[in-house]
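**Q** Here you go, one structure.
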Amino acid sequence: MNEIKKNSLTFQELILRLQSFWAEQGCVLQQPFDVEVGAGTMAPETFLRVLGGKPYNVAYLQPSRRPADGRYGENPNRLYKHTQLQVILKPPPEDVQDLYLRSLEAIGIDLRQHDLKFEEDNWESPTLGAWGIGWQVMLDGLEITQFTYFQQCGGVDLDPISAELTYGLERIAAFLQDVDSIYDIVWARDPKDASKVFTYGDVRFADELQMSVYNFEAANVENLWTHLGLYERECQELLRDFEELSKKRDRYEIQRFPLLGAFELCLKCSHLFNLLDARGAISVTERVGVIARIRQLAVGVAKAWVQQQENPTEEPMEAAQAIG
Amino acid sequence: MIDGAREELARRVGDLLSRERLAESAVLEPYSTPRRIALVARGVASAQSDVEEQVTGPAVKVAFKDGQPTPAAHAFAKKVGVDLSQVKTVSTPKGEYLSARVVKKGRSAAEILGEALPREINSLYWAKNMYWRPGKTSERFVRPVRWVVAMLGENPVSMEFDGIRAGTETSGHRILSNGPVSLRTPNTYAEALLKAAVVACPQQREQRIRKALDAATRTIPGARWREDKDLLETVVNLTEFPSVILGNFDREFLSLPEEVLVTVMRDHQKYFAVEDANGKLVPHFLAVLNTDGDPQGLIRHGNERVLRARFRDARFFWDTDQKKPLRERVEMLRSVTFQKDLGSYFDKTMRVQFICSQISTWLNPDNPDATKVVRDGVVHKAALLAKTDLTTELVKEFTELQGIVGGLYARVQQLDASLPEPTRFAIADAIYDQYKPESMEDSVPRTTEGAVLSLADKVDSIAGMFALCLIPSGSKDPFALRRQANGMVKIIAEHRLPLSLARLFETAREAYHGTAAEKKFKSLTYDQDIRNFFRERLEFYLRDVGGFAYDVVNAVLAAGADDVVNAAERAQAVAKVRPSEDFESISVAFKRMKNILRQAGETGKHVGERVDPALLREEEERALAEALPKTADSVRQLGSKGNYEQALLEIAKLRPLVDCFFDKVMVMVEDEGVRANRLALLQAMLNEFSTIADFSEIVTEGKKS
Numbered sequence: 001m002n003e004i005k006k007n008s009l010t011f012q013e014l015i016l017r018l019q020s021f022w023a024e025q026g027c028v029l030q031q032p033f034d035v036e037v038g039a040g041t042m043a044p045e046t047f048l049r050v051l052g053g054k055p056y057n058v059a060y061l062q063p064s065r066r067p068a069d070g071r072y073g074e075n076p077n078r079l080y081k082h083t084q085l086q087v088i089l090k091p092p093p094e095d096v097q098d099l100y101l102r103s104l105e106a107i108g109i110d111l112r113q114h115d116l117k118f119e120e121d122n123w124e125s126p127t128l129g130a131w132g133i134g135w136q137v138m139l140d141g142l143e144i145t146q147f148t149y150f151q152q153c154g155g156v157d158l159d160p161i162s163a164e165l166t167y168g169l170e171r172i173a174a175f176l177q178d179v180d181s182i183y184d185i186v187w188a189r190d191p192k193d194a195s196k197v198f199t200y201g202d203v204r205f206a207d208e209l210q211m212s213v214y215n216f217e218a219a220n221v222e223n224l225w226t227h228l229g230l231y232e233r234e235c236q237e238l239l240r241d242f243e244e245l246s247k248k249r250d251r252y253e254i255q256r257f258p259l260l261g262a263f264e265l266c267l268k269c270s271h272l273f274n275l276l277d278a279r280g281a282i283s284v285t286e287r288v289g290v291i292a293r294i295r296q297l298a299v300g301v302a303k304a305w306v307q308q309q310e311n312p313t314e315e316p317m318e319a320a321q322a323i324g
Numbered sequence: 001m002i003d004g005a006r007e008e009l010a011r012r013v014g015d016l017l018s019r020e021r022l023a024e025s026a027v028l029e030p031y032s033t034p035r036r037i038a039l040v041a042r043g044v045a046s047a048q049s050d051v052e053e054q055v056t057g058p059a060v061k062v063a064f065k066d067g068q069p070t071p072a073a074h075a076f077a078k079k080v081g082v083d084l085s086q087v088k089t090v091s092t093p094k095g096e097y098l099s100a101r102v103v104k105k106g107r108s109a110a111e112i113l114g115e116a117l118p119r120e121i122n123s124l125y126w127a128k129n130m131y132w133r134p135g136k137t138s139e140r141f142v143r144p145v146r147w148v149v150a151m152l153g154e155n156p157v158s159m160e161f162d163g164i165r166a167g168t169e170t171s172g173h174r175i176l177s178n179g180p181v182s183l184r185t186p187n188t189y190a191e192a193l194l195k196a197a198v199v200a201c202p203q204q205r206e207q208r209i210r211k212a213l214d215a216a217t218r219t220i221p222g223a224r225w226r227e228d229k230d231l232l233e234t235v236v237n238l239t240e241f242p243s244v245i246l247g248n249f250d251r252e253f254l255s256l257p258e259e260v261l262v263t264v265m266r267d268h269q270k271y272f273a274v275e276d277a278n279g280k281l282v283p284h285f286l287a288v289l290n291t292d293g294d295p296q297g298l299i300r301h302g303n304e305r306v307l308r309a310r311f312r313d314a315r316f317f318w319d320t321d322q323k324k325p326l327r328e329r330v331e332m333l334r335s336v337t338f339q340k341d342l343g344s345y346f347d348k349t350m351r352v353q354f355i356c357s358q359i360s361t362w363l364n365p366d367n368p369d370a371t372k373v374v375r376d377g378v379v380h381k382a383a384l385l386a387k388t389d390l391t392t393e394l395v396k397e398f399t400e401l402q403g404i405v406g407g408l409y410a411r412v413q414q415l416d417a418s419l420p421e422p423t424r425f426a427i428a429d430a431i432y433d434q435y436k437p438e439s440m441e442d443s444v445p446r447t448t449e450g451a452v453l454s455l456a457d458k459v460d461s462i463a464g465m466f467a468l469c470l471i472p473s474g475s476k477d478p479f480a481l482r483r484q485a486n487g488m489v490k491i492i493a494e495h496r497l498p499l500s501l502a503r504l505f506e507t508a509r510e511a512y513h514g515t516a517a518e519k520k521f522k523s524l525t526y527d528q529d530i531r532n533f534f535r536e537r538l539e540f541y542l543r544d545v546g547g548f549a550y551d552v553v554n555a556v557l558a559a560g561a562d563d564v565v566n567a568a569e570r571a572q573a574v575a576k577v578r579p580s581e582d583f584e585s586i587s588v589a590f591k592r593m594k595n596i597l598r599q600a601g602e603t604g605k606h607v608g609e610r611v612d613p614a615l616l617r618e619e620e621e622r623a624l625a626e627a628l629p630k631t632a633d634s635v636r637q638l639g640s641k642g643n644y645e646q647a648l649l650e651i652a653k654l655r656p657l658v659d660c661f662f663d664k665v666m667v668m669v670e671d672e673g674v675r676a677n678r679l680a681l682l683q684a685m686l687n688e689f690s691t692i693a694d695f696s697e698i699v700t701e702g703k704k705s
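Heads up: the sequence lines are chains C and A, in that order.
Okay, so the first sequence: first residue is 1 according to our numbering, each after it adds one.
Okay, so the second sequence: first residue is 1 according to our numbering, each after it adds one.
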């Protein structure tokens, strides 16, 4: 099997190929969202963009943090932070499944030589008030992608619906390179000297080890609770302000209201909850309550966002042109 | 899911064809693959036959005035499309009316089908469905519909489903075929698809898979693949063109428990396990592919790689878990939710321990020197550790192995330095079996200790949910309480445990006493609800598992449904004596007695407190009244020894006396004293002899009710 390995894509080539494939299909290539998220779905490019009627196609890489999944870099298949490539097609084209298959060919998978199955797998996230119907895509027994037709997000019925494709990049790279440990994946190879490689371990091992220590042992529980409370309160206040504002029907004020800020605060809360969970600091009674609180924020932002989108200003705003 | 929809479509279309008189009995061939559901119907007429109908019009006195037709007559003739001269009259009880014979033209099959099929497709049941077109305008279906084929013979049926016009083109295998597949006639549907690498018939796919599994296994001497009905059904519905590969894994993984290996292979990878002649796993697996083969071995290689990673994970989890033994995990249960209002698994553990010790006390002899039925020390320890595996990595990864993992860990861990090995194994077995039986086909826990633990766990869950008013209704049973209750009945029956359900549930409520959960309880009808719920479960058990007729079950449960073992024994006895003529006749008599007493009650007739010998007039009633206490005595005695069959035969012996009584004695006579005395006699009969079964529930020949 060495042959495959030599010709296979490096981790970064894999990313580049998938990105250019989706760019060629008319997707906006976005950059990873820079607030901690547990999944690409939580980034605003998905969570907010799937709301409302405006068509939108986007692809972006999203490092996704799940503190409780960390294994100190000891487990060859588990990561605290893994990398998703997230594609949103709104509305999905009729041949969306074939399009997806072509993306696999674009990364060098000859489908004629492999076994591909779409297995029923319906996705649901109670915290985000979101669910959809779809498949997990299995390639030679390996789950490589989650394929979902979104039906609801933030408690809001979607119209049009979106197709969400979430590629698990570490798994795909390990498959292409035929390695047994994520840490052995070749991340980059020096084009001038093929013997010079950087592995996934070279790039990310310290991250996995130290963040596992932080998440499981070091994070200050008291502070985490304090932060959670602060972020939540600010988010709630913003949502309350927006509600007041929306009664006044001042289009300009509504349009510039910082719901995106509120959403970031909500994501902060979600991440803090995950940290507290990894620290084993959440009791049974608290757990249900905290999840409900975060859901309330997420649903609140989604509803407000829909309202904001339905209130376009008559003229494009000058402020939007400012370069920051 | 696909199976259900395929059969439903066949049923719907079959009904449609006969309802619309398009086929007497069409031959239906249902097909399905992961991408399609289809039906070929043979013997469909091209049109409905014409029907002649007699249509009744207005009354003659309205239709004709002075012998002249009125506008009403003309209107009727016009409506039915015949000349007024052809219109006749009919006499009805209401008088003379106009009437005409009308020929109703049959509609064409194409027209009917085009109209009705979209409706039928749209009515298919899906557990979860979706919409996909903008404006939420699409029909709901399990996944977006991409094409529709509808043909009547060689012609397309003009119809539209969800904006898609039906045509004569279908699609083949996603990867193995090229371009659309044109159908000439529905007769060649399966044939045409096969050319496009789709085996449309699920039974044929199953046959192919079975053969391929056999062939692949044959390369390993003495080996066989492990039969697995559910898995086979799953892979049949995941493939359009199945083939099978045999893969290998490292022998060293065989040191992991078989339960873990099989779960990984079956539940997570959908592989079939391979075993040797003794049923021991061998380091191979069988994967069912959705393609025509694997000439380069790439697919096998990929699958082996995935399985290796999975097994390594499992071993990693196993090793990690040993660093913290079960006994150190009890405290951790405080942060695992059992149910949001019922507290944590730690809380549950405490309650289950309490219930276990109560059950043990009931079951064990009072004399401390006598041999114990339940080793209460074993149950106590098992109950304490039962849920601790929920905190292990292995169970977090393979949730379906809860209980089993705890049992396996308890076997290999030092639970308590002072415990002798056999005791530890007994504890481990009880933990291992705590969720048994998972279904009516599953076996019950192997040991009494396991049975007690499993019962206590289930009774605690059901009691909590019922107290919160979370009672299963219709198809809503999110906590699978029915399954758990069925499991309880099965355990009690098969372990022959002399337990009272009411007492069990009373104890379970006691266990909640003083907890935070108790403050959330709002049910005011707990006892009643539990009683009704378990009566249904018992009915189900006696009928479906015991195989007793429903009237026997009703009769037995009417006489008591609290003691499962006892109810089963009574059912056994009733079923045995039931075919006898005497018993049949006695049953009829009891029905009669009950009716008479009911009528008496309804008309306010007085029933005597007890039978007064002085008021017995007829010889027949005297005979019966004399026999009654004697028979009642022996029935009571036989019953207390559990000899229900003999007791029933004793009752049946009363038949001649009862028959004579009803032949000769009139109960509802005018004399109030005599009447009340006779009613008292009947009441006494019913009271004395309804403790084993309520005979009036027995359905008798010629009087099915």
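The C-beta atom is built at its ideal place from N, Cα and C for all residues, glycine as well.
Every value quoted in this text rests on a predicted model; they were computed, and no experiment measured them.
How do the segment 81-101 of chain A and the segment 47-66 of chain A stand: do at least 3 beta-carbon pairs fall below 8 Å, yes or no?
**A** Yes, since at least three Cβ pairs between the segment 81-101 of chain A and the segment 47-66 of chain A fall closer than 8 Å, the two stretches touch.
**Q** Taking only the alpha-carbon atoms, compute the straight-line gap between A/E252 and C/L230 and give it to the nearest angstrom.
**A** The residue given as residue 252 of chain A occupies position 252 in the second sequence. The residue given as residue 230 of chain C occupies position 230 in the first sequence. If you take the alpha carbons of A/E252 and C/L230, they lie about 52 Å apart.
**Q** Measure the alpha-carbon distance for A/E24 versus A/R42 and round it to whole angstroms.
**A** Numbered from its first residue, the second sequence carries residue 24 of chain A at position 24. Numbered from its first residue, the second sequence carries residue 42 of chain A at position 42. Each residue's alpha carbon lies about 11 Å from the other.
**Q** Please list, in chain order, the chain C residues whose beta carbon lies closer than 8 Å to that of A/Q269.
**A** Within the second sequence, numbered from 1, the residue matching residue 269 of chain A stands at position 269. Chain C residues near A/Q269: G141.
**Q** Determine the burial state of C/E237: buried for a count of at least 16 other Cβ atoms within 10 Å of its Cβ, exposed for fewer.
**A** Working through the first sequence from its first residue, we reach residue 237 of chain C at position 237. Exposed, because fewer than 16 other Cβ atoms sit within 10 Å of the Cβ of C/E237.
**Q** Who are the near neighbours of A/K520 in its chain, counting only those whose CB is closer than 7 Å to its CB and skipping five residues on each side?
**A** Position 520 of the second sequence, counting from 1, holds the residue named residue 520 of chain A. For A/K520, where only same-chain residues beyond five positions count, the Cβ hits under 7 Å are D341, L468.
**Q** Classify A/D250 as buried or exposed, calling it buried when 16 or more other Cβ atoms lie within 10 Å of its own Cβ.
**A** Here the question's residue 250 of chain A lines up with position 250 in the second sequence. With fewer than 16 other Cβ atoms within 10 Å, it is exposed.
**Q** Taking A/R329 as the query, report the chain C residues whose CB atoms sit under 9 Å from its CB, ordered along the chain.
**A** Taking the second sequence and counting its residues from 1, one reaches residue 329 of chain A at position 329. What A/R329 touches in chain C: nothing, since even the nearest Cβ is about 12 Å away.
**Q** Based on the DSSP secondary-structure assignment, which residues constitute the bridge partners of C/I88?
**A** Here residue 88 of chain C corresponds to residue number 88 of the first sequence, with the count starting at 1. Answer is C/V58, C/E164.
**Q** What are the partner residues of A/A485, as DSSP defines its beta bridges?
**A** By one-based count along the second sequence, residue 485 of chain A stands at place 485. Bridge partners of A/A485: none, in fact.
**Q** For A/G601, is the classification buried or exposed, using 16 other Cβ atoms within 10 angstroms of its Cβ as the cut-off for buried?
**A** Against the second sequence, residue 601 of chain A aligns to sequence position 601. Looking at its Cβ environment, which holds fewer than 16 other Cβ atoms inside 10 Å, A/G601 is exposed.
**Q** With a threshold of 6 Å on Cβ separation, who are the neighbours of A/R411 within its own chain once the five nearest residues in sequence on each side are excluded?
**A** Sequence index remark: in the second sequence, residue 411 of chain A carries index 411 (1-based). A428, listed in sequence order.
**Q** Who are the Cβ neighbours of C/M317 in its own chain at under 6 Å, not counting the five residues just before and after it?
**A** By 1-based counting over the first sequence, the position of residue 317 of chain C is 317. Only weak support exists for where C/M317 lies, its pLDDT of 47 falling under 50; the value from the coordinates is given anyway. Around C/M317: no qualifying Cβ.
**Q** Check whether chain A comes within 8 Å of C/F273, counting only Cβ atoms and requiring the distance to be less than that.
**A** Translated into the one-based positions of the first sequence, residue 273 of chain C becomes position 273. C/F273 does not count as touching chain A.
**Q** Closer than 8 Å between beta carbons: that is the criterion. Which residues of the segment 291-315 of chain A meet it against chain C?
**A** If the cut-off is 8 Å between Cβ atoms, the segment 291-315 of chain A has T291, D294, Q296, L298, I299, H301, G302, N303, R305, V306, L307, R308, A309, R312, D313 near chain C.
**Q** Roughly how many angstroms separate the alpha carbons of C/C27 and C/P160, rounded to a whole number?
**A** On the first sequence, residue 27 of chain C is found 27 positions in, with the first residue counted as 1. On the first sequence, residue 160 of chain C is found 160 positions in, with the first residue counted as 1. Whole-angstrom Cα-Cα distance: 17 Å.
**Q** Can you tell me where the alpha helix (DSSP H) with C/E244 in it begins and where it stops?
**A** Locating residue 244 of chain C in the first sequence gives position 244, where the first residue counts as 1. Segment 221-248, the alpha helix (DSSP H) holding C/E244.
**Q** If you check the beta carbons only, do C/G52 and C/V301 fall under 8 Å apart?
**A** The residue given as residue 52 of chain C occupies position 52 in the first sequence. The residue given as residue 301 of chain C occupies position 301 in the first sequence. No, the Cβ-Cβ distance between C/G52 and C/V301 is not below 8 Å.
**Q** Provide the residue span of the alpha helix (DSSP H) that contains A/M332, from first to last.
**A** Locating residue 332 of chain A in the second sequence gives position 332, counting from the first residue. No alpha helix (DSSP H) holds A/M332; DSSP gives it neither H nor E.
**Q** Along chain C, in chain order, which residues have C-beta atoms closer than 8 Å to that of A/I761?
**A** Given a span of 1 to 705 for chain A in the structure shown, any question on residue 761 of chain A remains unanswerable.
**Q** Would A/T185 and A/G153 be called neighbours here (beta carbons separated by less than 8 Å)?
**A** Position 185 of the second sequence, counted from the first residue, corresponds to residue 185 of chain A. Position 153 of the second sequence, counted from the first residue, corresponds to residue 153 of chain A. Result yes, Cβ atoms of A/T185 and A/G153 sit closer than 8 Å.
**Q** Indicate whether at least one CB of chain A lies closer than 8 Å to the CB of C/Q151.
**A** Reading the first sequence from its first residue, position 151 is the one you call residue 151 of chain C. It does; some Cβ of chain A falls within 8 Å.
**Q** Starting from A/W132, find everything on chain C with Cβ-Cβ shorter than 7 Å and list it in chain order.
**A** Looking up residue 132 of chain A in the second sequence gives position 132. Y149, I161, listed in chain order.
**Q** Under 8 Å between C-beta atoms, does C/T127 make it to chain A?
**A** Your numbering for residue 127 of chain C matches position 127 in the first sequence. Chain A, which has no Cβ nearer than 8 Å to the Cβ of C/T127, makes this no.
**Q** Is the distance from the Cβ of A/A463 to the Cβ of A/A508 below 8 Å?
**A** The residue given as residue 463 of chain A occupies position 463 in the second sequence. The residue given as residue 508 of chain A occupies position 508 in the second sequence. Yes, they are a contact pair.
**Q** Compute the distance between the beta-carbons of C/I144 and C/G108, then report whether it is under 8 Å.
**A** In the first sequence, the residue the question calls residue 144 of chain C occupies position 144. In the first sequence, the residue the question calls residue 108 of chain C occupies position 108. No; because the gap between Cβ atoms is not below 8 Å, this pair is not in contact.
**Q** According to DSSP, is C/Q307 helix, strand or coil?
**A** Here residue 307 of chain C refers to the residue found at position 307 of the first sequence. Here C/Q307 sits in helix by DSSP.
**Q** How about C/P67 and C/L260: are their beta carbons less than 8 Å apart?
**A** Mapped onto the first sequence, residue 67 of chain C falls at position 67. Mapped onto the first sequence, residue 260 of chain C falls at position 260. Not in contact: C/P67 and C/L260 (Cβ atoms no closer than 8 Å).
**Q** Quick one: Cα of A/F425 to Cα of A/E393, how far?
**A** Locating residue 425 of chain A in the second sequence gives position 425, where the first residue counts as 1. Locating residue 393 of chain A in the second sequence gives position 393, where the first residue counts as 1. Using only the alpha carbons, I get a separation of about 22 Å.
**Q** Counting only beta-carbon atoms, is A/G135 nearer than 8 Å to chain C?
**A** For this step, residue 135 of chain A is matched to residue 135 along the second sequence. Taking Cβ atoms only, chain C reaches closer than 8 Å to A/G135, which makes this a yes.
**Q** With a cut-off of 8 Å, does the C-beta of A/L232 fall near any C-beta of chain C?
**A** Here residue 232 of chain A refers to the residue found at position 232 when the second sequence is read from its first residue. Taking Cβ atoms only, chain C never reaches closer than 8 Å to A/L232, which makes this a no.
**Q** Three or more C-beta pairs under 8 Å: does that hold for the segment 112-124 of chain A against the segment 155-173 of chain A?
**A** The answer is yes - the segment 155-173 of chain A touches the segment 112-124 of chain A, with three or more Cβ pairs under 8 Å.
**Q** Kindly indicate which residue of A/T188, A/T168, A/A192, A/G167 has the alpha-carbon position closest to the one of A/S177.
**A** The residue given as residue 177 of chain A occupies position 177 in the second sequence. If we check each option's Cα against that of A/S177, A/A192 comes out closest.
**Q** Mind checking A/M666: buried by the 16 CB within 10 Å criterion, or exposed?
**A** Position 666 of the second sequence, counting from 1, holds the residue named residue 666 of chain A. By the 10 Å Cβ count, A/M666 comes out exposed.
**Q** So with CB distances below 8 Å, who are the chain A contacts of C/N122?
**A** Numbered from 1 along the first sequence, position 122 holds the residue referred to as residue 122 of chain C. In chain order: K128.
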